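Enquirer:
Residue numbers (the numbering used here): 1 to 380.
(1) Rounded C-beta distance between residue 172 and residue 342? I'm assuming under 8 Å.
(2) By Cβ distance below 6 Å, which residues in the same chain neighbour residue 170 in space, the five residues on each side in sequence not counted?
(3) Between residue 214 and the ligand MG, is there a pair consisting of the residue's CB and a ligand heavy atom that are separated by less than 8 Å?
(4) Taking three-plus beta-carbon pairs below 8 Å as touching, is the stretch 269-285 in contact with the stretch 313-330?
(5) Looking only at C-alpha atoms, which of 137, 287 and 242 sits nearest to residue 230?
(6) Hey, residue 355 and residue 235: beta-carbon distance below 9 Å or not?
(7) How about residue 77 and residue 208: do their beta carbons lie closer than 9 Å?
(8) Classify residue 267 as buried or exposed, calling it buried when 16 or more other Cβ atoms lie within 10 Å of its own Cβ.
(9) Report the residue ranges of all beta strand (DSSP E) runs contained in full by the stretch 78-111; include only those spanning at least 3 residues, in chain order.
(10) Less than 7 Å between C-beta atoms, sequence neighbours within five positions excluded: which residues of the same chain meet that for residue 393?
(11) Look at residue 360 and residue 157 and say whether their C-beta atoms are less than 9 Å apart.
(12) I'd like the list of long-range same chain contacts for residue 49, defined as Cβ closer than 6 Å, with 5 residues on each side in sequence excluded.
(13) With a CB to CB cut of under 7 Å and the five nearest residues on each side skipped, what residues in its chain are close to residue 4?
(14) Apart from the five residues on each side of it in sequence, which residues of its chain come closer than 6 Å, Cβ to Cβ, to residue 347?
(15) In terms of residue numbering, what span does the beta strand (DSSP E) encompassing residue 420 cover?
(16) So within the stretch 297-352, which uninterrupted alpha helix (DSSP H) runs reach at least 4 residues, ignoring any that extend past its ends?
(17) Expressed to the nearest angstrom, what Euclidean distance is found between the alpha-carbon atoms of residue 334 and residue 189?
(18) Return the CA-CA distance between residue 133 and residue 283, expressed in angstroms with no decimal places.
(19) Going by DSSP in three states, residue 207 sits in which element: helix, strand or coil?
(20) My assumption, with CB atoms under 8 Å, is that residue 140 sits in contact with residue 233. Please give the rounded CB distance.
(21) If you drop the 5 nearest sequence neighbours on each side, which residues of the same chain put their C-beta closer than 7 Å to that of residue 245?
(22) When the Cα of residue 100 is compared with those of 259, 198 and 57, which residue comes out closest?
(23) On the DSSP letters alone, give me the boundaries of the beta strand (DSSP E) that residue 382 sits inside.
(24) Per DSSP, which residues does residue 5 bridge with? Please list them.
(25) Considering only residues of the same chain and omitting the five flanking positions on each side of residue 106, which have a CB-CB separation below 8 Å?
(26) Just tell me which of 257, 39, 196 and 29 has its CA closest to the CA of residue 55.
(27) Over the uninterrupted alpha helix (DSSP H) stretch that includes residue 18, give me the two end residues.
(28) Please confirm whether residue 251 and residue 324 have their CB atoms less than 9 Å apart.
(29) Hey, residue 309 and residue 301 are a contact pair by Cβ (cut 8 Å); roughly how many whole angstroms apart?
(30) If contacts are defined as beta-carbon pairs under 8 Å, then residue 149 and residue 228 qualify, I think. What distance do you get, rounded to the angstrom?
(31) Within the continuous beta strand (DSSP E) that includes residue 286, where are the two ends?
(32) Report the rounded CA-to-CA distance for residue 23 versus residue 130, giving the unit in angstroms.
(33) In this structure, how does DSSP classify residue 379 when only helix, strand and coil are distinguished?
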């Protein structure tokens with residue numbers, strides 16, 4: 001049997017906060033077990049911690065090389081679209097939370113795309129069975145027939161970006177027409193004006209989040225000259241993973257457990273087994289995700305969910321992130337099952353297309369290098 005160490009020892013060896021340890025556990029990089037002496041605490045396999053520390057040390061040696069070749073560490077790509085400063089998110093220098101207080105998605109798109117005109121997401125497309133299947137199928141069809149971005153004026157690309165976002169929104173359930181995007185979703189789901197404003201706020205908060213895995217995938221496709229729908233499809237398929245844009249689905253499953261069993265039993269189970277609670281904590285916001293705080297301040301979640309969020313925060317010290325806020329909004333408004341992902345994907349498509357447009361300005365193909373770890377080639 002391997003040896004096991006405490007949270008404090010694991011944090012000390014890796015030089016990280018507890019939030020990062022929880023992230024390692026959720027990604028399967030650290031094995032965890034309840035502490036036999038105190039089931040409220042968890043122990044972590046020492047061998048896993050040592051292996052992570054070794055890889056982390058090796059990664060530091062490659063940081064300089066990684067800047068230019070994307071080898072040995074996280075990718076580093078210059079961008080003027082969004083950034084983080086003092087645990088706040090900014091879109092082109094504008095505080096995202098402040099912007100979400102009044103801006104429409106159309107105005108947010110104008111800002112992120114660095115366009116002279118406010119975006120127009122009008123779409124007459126009628127979707128018989130809206131949802132994820134319709135969205136990805138329609139986008140794949142457009143990707144198969146789309147034109148390369150090479151040799152095309154920026155204003156022409158802006159027009160195609162608007163059309164793509166409008167069609168994607170319809171595929172996810174928005175009412176067809178010319179009204180602002182959040183109102184078309186609200187109309188389709190028969191929501192009140194107040195709920196429509198909550199959708200607007202949520203979607204503006206979600207339009208971008210710096211160089212995420214989906215933004216990187218989009219930029220790789222864009223660097224090859226792929227069509228705009230192909231670039232967007234690359235990003236959205238990456239976004240669809242449960243550890244990225246579909247994280248609200250994991251939170252929804254957690255909320256379902258809470259509604260069936262009660263918040264105390266669910267929290268006790270997760271804490272006793274050392275499993276992290278989906279949607280709590282964010283490594284970029286150790287003091288709490290400001291996007292989540294701003295959105296949760298606009299409505300009262302269902303009572304049992306509100307109690308769960310409060311107790312989970314008190315017992316773990318981890319604050320709810322935007323995935324919890326989005327899932328809570330979906331529960332509050334009684335939205336369809338796939339609505340949370342649809343709102344996230346539609347909003348984030350604006351940011352992904354911004355990354356696509358920005359990448360086109362570099363005129364350079366992104367070509368990461370592999371680090372071969374297989375059998376040594378035989379030399380003839």
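We put the CB at the ideal spot given by N, CA and C, even for glycine.
The structure presented is a predicted model; accordingly, all values stated were derived computationally and were not measured.
Expert: Let's see:
(1) 3 Å
(2) 123, 125, 127 and 176
(3) Because no ligand of any kind appears in the structure shown, any question about the ligand MG cannot be addressed here.
(4) Cβ pair count under 8 Å is three or more, so yes.
(5) It is 137.
(6) For residue 355 and residue 235, yes; Cβs fall inside 9 Å.
(7) no
(8) buried
(9) 82-85 and 88-91
(10) There is no way to answer for residue 393, as the model of the chain reaches only from 1 to 380.
(11) Less than 9 Å separates the beta-carbon of residue 360 from that of residue 157.
(12) 10 and 13
(13) 33, 43, 44, 45 and 46
(14) Closer than 6 Å at Cβ, skipping near neighbours: 203, 206 and 207.
(15) There is simply no residue 420 to check, as the chain begins at 1 and stops at 380 in what is shown.
(16) 303-316 and 322-333
(17) 9 Å
(18) 32 Å
(19) It is coil, neither helix nor strand.
(20) 6 Å
(21) 214, 239, 341, 344, 345 and 348
(22) Nearest neighbour of residue 100 by Cα position, chosen from 259, 198 and 57, turns out to be 198.
(23) The chain is shown only over 1 to 380; residue 382 falls outside these bounds and no answer can be derived.
(24) 44
(25) 118, 119, 120, 121, 180 and 181
(26) 29
(27) 18-26
(28) yes
(29) Sure, about 7 Å apart at Cβ, within 8 Å.
(30) 6 Å
(31) Here residue 286 belongs to no beta strand (DSSP E), and DSSP marks it neither H nor E.
(32) 33 Å
(33) Residue state, collapsed to three classes: coil.
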